[in-house]
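Student: Here you go, one structure.
Number of protein chains: 2
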Amino acid sequence: MKPLSPTDQIFLWLEKRQQPMHVGGLQIFSFPEDAPGDYVARLAEQLRTDTEVTTPFDQRLDTRLAQPVWVHDKHLDLEHHFRFEALPTPGRIRELLAFISAEHSHLMDRERPLWEFHLIEGLGERQFGVYIKVHHSLMDGISAMRMTQRMLSTDPARRNMPPIWDLSVRPGHKGDSSGSSLWQSIGRLLGESGKQLGTVPVVARELLRTINTARKDPAYNSVFHAPRSILNQKITGSRRFAAQSYCLKRIKAVCQAYGTTVNDVVTAMCASALRTYLMNLDALPEKPLIAMVPVSLRKYARTAGDKADDNQGEGNQVGVILANLYTDESHAGTRLRKIHQGIQEAKDRYAHMTPEEIVNYTALTLAPAAFNFLTGLAPKWQTFNVVISNVPGPKETCYWNGARLEGIYPVSIAMDRMALNMTLTSYNDQVAFGLIGCRRTLPSLQRMLDYLEEGLLELEQDALS
Amino acid sequence: MKPLSPTDQIFLWLEKRQQPMHVGGLQIFSFPEDAPGDYVARLAEQLRTDTEVTTPFDQRLDTRLAQPVWVHDKHLDLEHHFRFEALPTPGRIRELLAFISAEHSHLMDRERPLWEFHLIEGLGERQFGVYIKVHHSLMDGISAMRMTQRMLSTDPARRNMPPIWDLSVRPGHKGDSSGSSLWQSIGRLLGESGKQLGTVPVVARELLRTINTARKDPAYNSVFHAPRSILNQKITGSRRFAAQSYCLKRIKAVCQAYGTTVNDVVTAMCASALRTYLMNLDALPEKPLIAMVPVSLRKYARTAGDKADDNQGEGNQVGVILANLYTDESHAGTRLRKIHQGIQEAKDRYAHMTPEEIVNYTALTLAPAAFNFLTGLAPKWQTFNVVISNVPGPKETCYWNGARLEGIYPVSIAMDRMALNMTLTSYNDQVAFGLIGCRRTLPSLQRMLDYLEEGLLELEQDALS
């Protein structure tokens, strides 16, 4: 029995039918060369027999003294968690994305351990998909991605590799999201780290107090500048997932031409795609959109050190940068330069801040959004319009029981007033974009994939001219 | 814009993650003889182009003056409602049932018209499935079954038959559940028919008053006799669906041997299956289980006539019989005879009652369950343990665009304290059983299919000896 951390409780509070609070990851594999045609069905048979379920995958929610706790599930039913499924004809990426869109829209069953592992056959000629879904109260996106990577190997000859639910827990690995989540900053701000947060009204009142204090402080005034947009409407319960990989070489060539980082270029690609998408809906705000970009604070806060949050030396304390996307700027090259400069300034600001100041700044940036999420009220102050998140992925070609990993795509969370989440991950020589959005608020979201490509093309052309 | 009837509102109140309030129907079709291998994919293509959506399939929930209403959905997204899906290898009935179990566990998206049409390929050699899911607030099980039948034809040569969402509404057909639902009786009892019911606490208080009055009345005292059982625990959010057809000829032979009705025999099969299932779990109550069996009141209340509920002469006013299942009786033949006698007595009682008395009796029978459902409290008085419902199905072989309907199975609702629902339907020369239950409260529910068969076998053997 283990009490839920205050931040993990927030994800339970925030969850409702139209706002499921689980994260996911989609992996696409190729059959091993010598694999028979029914390879995936055989793999499913084999996985079904793997009934050893390790922590945290054996933990379900329960309540003790009115507080949520994790307990071992004595009646774990693997058939509920491991699902063998198939794509309909013709089994293209399009059918796969439609499948994930529907699955990611479904709430999880809170009476069971909050994870699902979907093995998906019928993709292309000799490919298959794996979609892993984990509730954010059990694991955040970064932890889930790490766990997924631990399932893989760079050795194509390895066999008998267990599925994610049967991985031995690494000694000292916490296996949950405490400390790694942005929401932790909110808990900190409220001075409640490590304690139970209490009730939603109490937390909301504290957030409001914080926001009002900050708005009177000229030093923080600059964070309240995001425009209103259709991205910041209430959402409905169905999702659209769109995903695509872009060649890292192309992105790096653009970096070199402009003297920017990879992160600047992918942010500019997102900016360009958002601009085109919103212009086509006649919904581009006059003022530029602001993106909330989580960044690792390792290099900034390293010397000061914060052991409690330094999870096994992997340094996952997270701060945020509010990146102006300059969606009012029509020239792609100029837009990238401005974005680069804005992000650079934000980083420089962090370099001059104490760890405590960083935590406060981060929490403050998130506070208005957290207040809106918790109370359901429309934003009076908007600090950002969209989340653009970068989750580290594997650098080398990976395999699972000889099947080569062709692509890995994050599937994140859309929320009320934050209808779109753009999460990227790098793998091998690619950058993979996973977009999740409310299907109703943001029609035909899949078009953004073309707009991302167009955004990259424009930058390439501008660099040449 | 049309306000929801009081009864339809109840289904919205009752819905929660662990208790979705939609009903479903599964149909299994064979390919037309001349159909190509990719028949189902072509059918999916064709259905996708059928974007004419007729009432009630174009209606979504909205709120006017704090009351729920149906309004036309201006942004209807057919891709959300029509889903083309596939079974994994080896595509047996087992995979189909697992698929339906998972799908039926998912809450619907309340911001959209509350229906889904799933076309399922990959079943057997040349078969496919259709699973239709409709929220109970839009349509009850009987209306849904009728609507499904209107999609079909007895003519194998007919083509260009539209899907369910593009059926023209029959003049005078109400297309909703008003009047046909058991819950209507509750509304009536509260004297609120046609008006808004108000709030949950008000309704619960009224129900409690009714129950307490009835318990003091010796005439009604006999209804409070159901034992406690594991069927009447709180449920969780995941379902198991099990379905099978049994030969009507065999059932009729048993009827003849014992001088009973078909309904008596299928009720006895259910009794036998429940007895074996609970005995194997060491959970059979000493006192016999009581089933709530909805019956059409046409023949009883006909002369008195109740035009308001006589839906286009189809006579769907419903009363309930509390059928003692005699699960304490070990001899199958004796059990059937006792069940037959009990049901006969209940019917005789109705024959001597005025329509008003029938409505009161029905409502009273349901009141304790309704009270438990609405308040979430554990039952203090249990009037029944399980629902065994019989929905009329097509009598002749049916076709949809030349594809022969091989079987049709109802998928109903499991509720807190009512973890199992057994719904039957007849089709052609078969009786189809559809069992839906909470997967956690009732482990390995699919075994009941074998126990139903054993129950029938026992009766056949007893009749011979």
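Protein sequences appear in the order of chains W and H. So that you can map any letter, position 196 of the first sequence is 183 in this note's numbering, and since no number is skipped, the others follow by simple counting. So that you can map any letter, position 54 of the second sequence is 41 in this note's numbering, and since no number is skipped, the others follow by simple counting. We treat Cβ as the ideally placed atom computed from N, Cα and C, and that holds for glycine.
Need the endpoints of the alpha helix (DSSP H) that Arg81 (chain W) sits in, please.
Tutor: Taken as a continuous stretch (DSSP letters only), the alpha helix (DSSP H) holding Arg81 (chain W) covers Ile80 to His91.
Student: Taking His93 (chain W) as the query, report the chain H residues whose CB atoms sit under 7 angstroms from its CB, ordered along the chain.
Tutor: His93, listed in chain order.
Student: For Gly109 (chain H) and chain W, any beta-carbon pair shorter than 9 angstroms?
Tutor: Chain W, which has a Cβ nearer than 9 angstroms to the Cβ of Gly109 (chain H), makes this yes.
Student: Would Ile457 (chain W) pass as a contact of Val280 (chain W) if the rule is Cβ separation under 9 angstroms?
Tutor: As displayed, chain W neither begins before -12 nor continues past 452, which places residue 457 (chain W) out of reach and without an answer.
Student: Relative to the C-alpha of Tyr414 (chain H), which residue among H:Val241, H:Cys242, H:Ser216 and H:Tyr396 is closest?
Tutor: Minimum Cα distance to Tyr414 (chain H) is reached at H:Tyr396.
Student: Name, please, each residue of chain H whose Cβ falls closer than 9 angstroms to the Cβ of Ser225 (chain W).
Tutor: Those within 9 angstroms of Ser225 (chain W) in chain H are Asp64, His67, Asp96, Glu98 and Arg99.
Student: Going by Cα to Cα distance, which pick from W:Leu351, W:Ala89, W:Ala53 and W:Asn377 is closest to Val249 (chain W)?
Tutor: Checked all of W:Leu351, W:Ala89, W:Ala53 and W:Asn377; the closest Cα to Val249 (chain W) is W:Asn377.
Student: Beta carbons nearer than 9 angstroms to chain W: which residues of the segment 407 to 433 of chain H have them?
Tutor: Answer in chain order: Arg426, Arg427 and Pro430.
Student: For Val398 (chain W), which of W:Val117, W:Asp251 and W:Glu112 has the nearest alpha-carbon?
Tutor: Answer by Cα proximity: W:Val117.
Student: Run down chain H in chain order and give the residues with a C-beta less than 7 angstroms from the C-beta of Phe71 (chain W).
Tutor: Residues of chain H passing the Cβ test: Pro75.
Student: Check the Cβ of Asp25 (chain W) against every Cβ in chain H and list those closer than 8 angstroms, keeping chain order.
Tutor: Going along chain H in sequence order, the residues near Asp25 (chain W) (Cβ under 8 angstroms) are Thr76.
Student: Taking only the alpha-carbon atoms, compute the straight-line gap between Glu474 (chain W) and Ala333 (chain W) and give it to the nearest angstrom.
Tutor: Nothing about residue 474 (chain W) can be reported from this structure: the residues present for chain W run from -12 to 452 only.
Student: Given a limit of 8 angstroms on CB to CB distance, which residues of the segment 1 to 29 of chain H reach chain W?
Tutor: From the segment 1 to 29 of chain H, only Arg4, Gln5, Asp25, Val27 and Ala28 have a Cβ closer than 8 angstroms to chain W.
Student: What are the boundary residues of the alpha helix (DSSP H) that includes His68 (chain H)?
Tutor: Start and end: Leu65 to His68.
Student: If you follow the beta strand (DSSP E) that Pro150 (chain W) is in, where does it begin and where does it stop?
Tutor: Element bounds for Pro150 (chain W): n/a, residue is neither H nor E.
Student: Between which two residues does the alpha helix (DSSP H) containing Ser130 (chain H) stretch?
Tutor: Counting along the chain, the alpha helix (DSSP H) containing Ser130 (chain H) begins and ends at Gly128 to Met138.
Student: Any contact between the segment 253 to 267 of chain H and the segment 321 to 338 of chain H? By contact I mean 3 or more CB pairs, one from each, below 8 angstroms.
Tutor: With a cut-off of 8 angstroms, the segment 321 to 338 of chain H and the segment 253 to 267 of chain H count as touching, because enough Cβ pairs lie within range.
Student: What residues in its chain sit with their C-beta under 8 angstroms from that of Ala28 (chain W), if we drop five residues either side in the sequence?
Tutor: Within the same chain, Ala28 (chain W) has close Cβ partners Phe71 and Glu108.
Student: Using a Cβ cut-off of 9 angstroms (strictly closer), state whether Ala229 (chain H) contacts chain W.
Tutor: By this cut-off, Ala229 (chain H) is not an interface position.
Student: Is Ile375 (chain W) a contact residue of the ligand ZN, with contact defined as CB to any heavy atom under 8 angstroms?
Tutor: The ligand content of the structure shown is nil, which means the ligand ZN is not present either.
Student: Quick one: is Phe360 (chain W) near chain H, going by C-beta distance under 9 angstroms?
Tutor: Judged by the 9 angstroms Cβ criterion, Phe360 (chain W) is not in contact with chain H.
Student: Quick test of the definition: if touching needs 3 or more C-beta pairs under 8 angstroms, does the segment 98 to 114 of chain W touch the segment 33 to 53 of chain W?
Tutor: Short answer: they touch.
Student: Less than 9 angstroms between CB atoms is the rule here; does Phe(-2) (chain H) satisfy it with respect to chain W?
Tutor: It does not: the Cβ of Phe(-2) (chain H) has no partner Cβ on chain W nearer than 9 angstroms.
Student: Does the segment 125 to 141 of chain H come close enough to the segment 366 to 374 of chain H that 3 or more CB-CB pairs lie under 8 angstroms?
Tutor: Too few Cβ pairs lie closer than 8 angstroms, so no.
Student: Let me check one thing: in DSSP terms, what residues is Asn377 (chain H) bridge-paired to?
Tutor: In DSSP, Asn377 (chain H) forms a bridge with H:Leu411.
Student: Along the alpha helix (DSSP H) that carries Thr263 (chain W), what are the first and last residues, could you check?
Tutor: Residues Val249 to Asn267.
Student: Which value, in whole angstroms, describes the spacing of the CA atoms of Arg196 (chain H) and Val190 (chain H)?
Tutor: Going from the Cα of Arg196 (chain H) to the Cα of Val190 (chain H) covers about 10 angstroms.
Student: Determine the burial state of Thr38 (chain W): buried for a count of at least 16 other Cβ atoms within 10 Å of its Cβ, exposed for fewer.
Tutor: Per the 10 Å Cβ criterion, exposed.
Student: Contact criterion: CB-CB distance below 9 angstroms. Does Phe44 (chain H) meet it with respect to chain W?
Tutor: Closer than 9 angstroms: no.
Student: Counting only beta-carbon atoms, is Ala85 (chain H) nearer than 9 angstroms to chain W?
Tutor: True, the Cβ-Cβ gap to chain W drops below 9 angstroms.
Student: Do the CB positions of Ala260 (chain H) and Gln433 (chain H) come within less than 9 angstroms of each other?
Tutor: No.
Student: Taking CB distances under 9 angstroms as the criterion, tell me whether Ala357 (chain H) reaches chain W.
Tutor: Answer no: the Cβ-Cβ gap between Ala357 (chain H) and chain W never drops below 9 angstroms.
Student: Using a beta-carbon distance below 9 angstroms, is Gln299 (chain W) in contact with chain H?
Tutor: Caution is warranted here: a pLDDT of 34 is assigned to Gln299 (chain W), below 50, making its placement in the model unreliable, and the coordinate value is therefore given only provisionally. Cβ-Cβ to chain H under 9 angstroms: no for Gln299 (chain W).
Student: Ignoring anything shorter than 3 residues or poking outside the segment 7 to 82 of chain W, list the beta strand (DSSP E) runs there in chain order.
Tutor: Entirely contained in the segment 7 to 82 of chain W, the beta strand (DSSP E) runs reaching 3 residues are, in chain order, 9 to 17, 46 to 51, 54 to 59 and 69 to 73.
Student: On the three-state DSSP scale, how would you describe Pro281 (chain W)?
Tutor: Here Pro281 (chain W) sits in strand by DSSP.
Student: Consider the Cβ of Ser124 (chain W): report whether some Cβ of chain H lies at a distance smaller than 9 angstroms.
Tutor: Chain H contact via Cβ: absent.
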